[in-house]
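Below is one structure; the comments refer to it alone.
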Amino acid sequence: MPFEDLKRDIELADKLLDRIELITGKKDSTEGRSIGLKTKFLGDKIRDDEYKKESQKLLKGKEENEALSRYDSEIKEMLQKVGEYNNKILRHFEIKVVKKDNVENLIDRKKAKIFLKELSNKQPDDIKEKYTLYERNFYGQLSNQLFKEITTKITKKYPEIFRDLYSNLMISGMKIFSDTYINMAFLSSVLFFIFLYMFLIVFSGINSFFSIVQYLFITILGTAGLLAGFYYWPRVVIDGRRKDIKNELPFAIMHMASIAGSGAPLTTTFDTLLKSSEYKALSGEIKRIMNYVNLFGYNLSTALRSVAETTPSKDFKELLNGLRNTIETGGDLRLYLQNKADDTFINYKNDRKKYVETLATYSDIYTAVLIAAPLLFIIVLVLISLVGNKLGGLDIGFIEKLGIYFIVPAFNIAFIIFLNIVQPEL
433 MPFEDLKRDI
443 ELADKLLDRI
453 ELITGKKDST
463 EGRSIGLKTK
473 FLGDKIRDDE
483 YKKESQKLLK
493 GKEENEALSR
503 YDSEIKEMLQ
513 KVGEYNNKIL
523 RHFEIKVVKK
533 DNVENLIDRK
543 KAKIFLKELS
553 NKQPDDIKEK
563 YTLYERNFYG
573 QLSNQLFKEI
583 TTKITKKYPE
593 IFRDLYSNLM
603 ISGMKIFSDT
613 YINMAFLSSV
623 LFFIFLYMFL
633 IVFSGINSFF
643 SIVQYLFITI
653 LGTAGLLAGF
663 YYWPRVVIDG
673 RRKDIKNELP
683 FAIMHMASIA
693 GSGAPLTTTF
703 DTLLKSSEYK
713 ALSGEIKRIM
723 NYVNLFGYNL
733 STALRSVAET
743 TPSKDFKELL
753 NGLRNTIETG
763 GDLRLYLQNK
773 ADDTFINYKN
783 DRKKYVETLA
793 TYSDIYTAVL
803 IAAPLLFIIV
813 LVLISLVGNK
823 LGGLDIGFIE
833 KLGIYFIVPA
843 FNIAFIIFLN
853 IVQPEL
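The sequence shown begins at 433 in our numbering and counts up by one.
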């Protein structure tokens, strides 16, 4: 019967979608476990033979890209089948022109009522967010194709150089594979080297062999600076995330305490914080906890420990470890969060008070060094100009312009940079 066929097609398409979701989860899990193995190997936690054995077992004797593309092919094939079932389902609703006398015989009213009742009682599944670990881009793919073999040899030959980089990339939360990041650094350095060298030759000209060597030295120095920038950039990201998390953490803990006070489980508390969109710095850490629980099937205690090991914030790490200990020992989670909220907020107010006092000290230094000193400098130069036009072989007017347009602005810029470096993480 038409309605039985329609019901069967819908059920088959629904099963295919469930299968696609399962395969997507397996793919993401394989990526995550592969990253974990690579991190352990570079951190000297497992030997080379153990790493190869586990990697072969995980990827079933294939390269990582090949193993992941197998999942993509399977998902693509199933999506095509879903499309075929969708077309069949749509054909059930095609309007056919029939004679009025045959309308009564076209539809079985009893079965139509039963089917419509079943559809009305069926609740749609909650829309699940698609979790992805990393997203591909053209520049990263090009870098992998050109420098994959070189990067593999270098990282294996000098693991102590890249150990900190791999660790910082994991803690920073940057959505990129570690090897891809290194490949992009190499490709960017090569392009920068070529561009800068050609720029110097075209706009400065070649006057002698010494100028060629000079341009080459400048280019090598600039390229080394770019590589150093790639190497230390994850640390900059970590510092920024640590500062942002510290800003939001006191208010997030108070929010958690209020939710836990209503008797809600901890997973519901994290989910509420994630949906509130008020804690952008913490959202990445909370989403990782929810991914471990909902996607990878970890229990909450294991998920909290895993995130605590890689979070850039010591305060958030302390919170997660405290939550884990409270759960494992059967403690009062509501009471723990309430006490933690009180302590954290007191520390937050004390830090702000100390910061205000520090700013008062810096304002006095600024007034003395960058306001009073330049005025005294100008007055001294005016007095000297009454005696002579030069000081130390330099014209007084030139010294005044140098101080006004270069030295004073340079000191102001240096002072601003100094404040950004020494200011507390608030």
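For each residue, glycine too, the CB sits at the ideal point set by N, CA and C.
The model shown is predicted, which means the values in this text are computed figures rather than measured ones.
Considering just the uninterrupted stretch of the alpha helix (DSSP H) at residue i, what are its terminal residues?
i      : result
Asn686 : With the sequence shown as reference, residue 686 is identified as Met, and Asn is not the correct amino acid for it. Segment 641-693, the alpha helix (DSSP H) holding Met686.
Arg720 : 712-726
Phe838 : Counting along the chain, Phe838 falls outside any alpha helix (DSSP H), and DSSP gives it neither H nor E.
Val819 : 805-819
Arg595 : 591-604
Phe609 : From DSSP, Phe609 is part of no alpha helix (DSSP H); its letter is neither H nor E.
Val739 : 732-742
Leu698 : 698-708
Mark residue i as exposed unless 16 or more other C-beta atoms lie within 10 angstroms of its C-beta, in which case mark it buried.
i      : result
Thr651 : buried
Tyr517 : buried
Pro666 : buried
Ile778 : exposed
Leu623 : exposed
Ile803 : exposed
Asn576 : buried
Gly572 : buried
Asn600 : buried
Thr799 : exposed
Pro744 : buried
Ala692 : buried
Lys459 : buried
Val788 : exposed
Ala713 : buried
Tyr598 : buried
Tyr613 : buried
Ile836 : exposed
Leu653 : exposed
Asp611 : buried
Phe609 : buried
Thr701 : buried
Is residue i helix, strand or coil when you go by DSSP?
i      : result
Asp450 : helix
Lys494 : coil
Lys585 : helix
Asp764 : coil
Lys785 : helix
Lys822 : strand
To which residues of the same chain is residue i closer than 7 Å at the C-beta, ignoring the five residues directly before and after it?
i      : result
Phe579 : Asn615, Phe618, Leu619
Ile773 : Residue 773 is actually Ala in this sequence, not Ile. The residues are Ile685, Met686, Ala689.
Tyr780 : Pro682
Phe728 : Ser461
Thr465 : Note on residue identity: the sequence assigns Arg, not Thr, to residue 465. Taken in chain order, the residues that qualify are Leu490.
Asp827 : Asn821
Ser621 : Thr655, Leu658, Leu659
Val725 : Thr699, Leu732, Ala735
Leu769 : Ile685, Met688, Ala689, Ala692
Near residue i, what residues of its chain come up, given a Cβ to Cβ distance below 6 Å and the 5 sequence neighbours on each side ignored?
i      : result
Asp441 : Tyr517, Lys520, Ile521
Lys560 : With a pLDDT of 47 at Lys560, under the threshold of 50, the modelled position of this residue cannot be trusted; read the value that follows with caution. Cβ within range, chain order: n/a, list empty.
Asn753 : Ala740
Only counting the same chain, and skipping five residues up and downstream in sequence, which positions put a Cβ closer than 8 Å to that of residue i?
i      : result
Ile582 : Phe618
CB of residue i to nearest heavy atom of the ligand NAD: below 7 Å?
i      : result
Arg465 : As far as ligands go, the structure on display features none, and thus does not contain the ligand NAD.
**Asked** Do three or more CB pairs link the segment 773-793 to the segment 726-737 at distances below 8 Å?
**Response** no
**Request:** Would you be able to state if there are at least three C-beta pairs under 8 Å between the segment 635-649 and the segment 588-605?
**Result:** no
**Asked** Using 8 Å as the Cβ pair cut-off and three pairs as the minimum, do the segment 651-665 and the segment 719-733 touch?
**Response** no
**Asked** Using 8 Å as the Cβ pair cut-off and three pairs as the minimum, do the segment 695-705 and the segment 640-649 touch?
**Response** no
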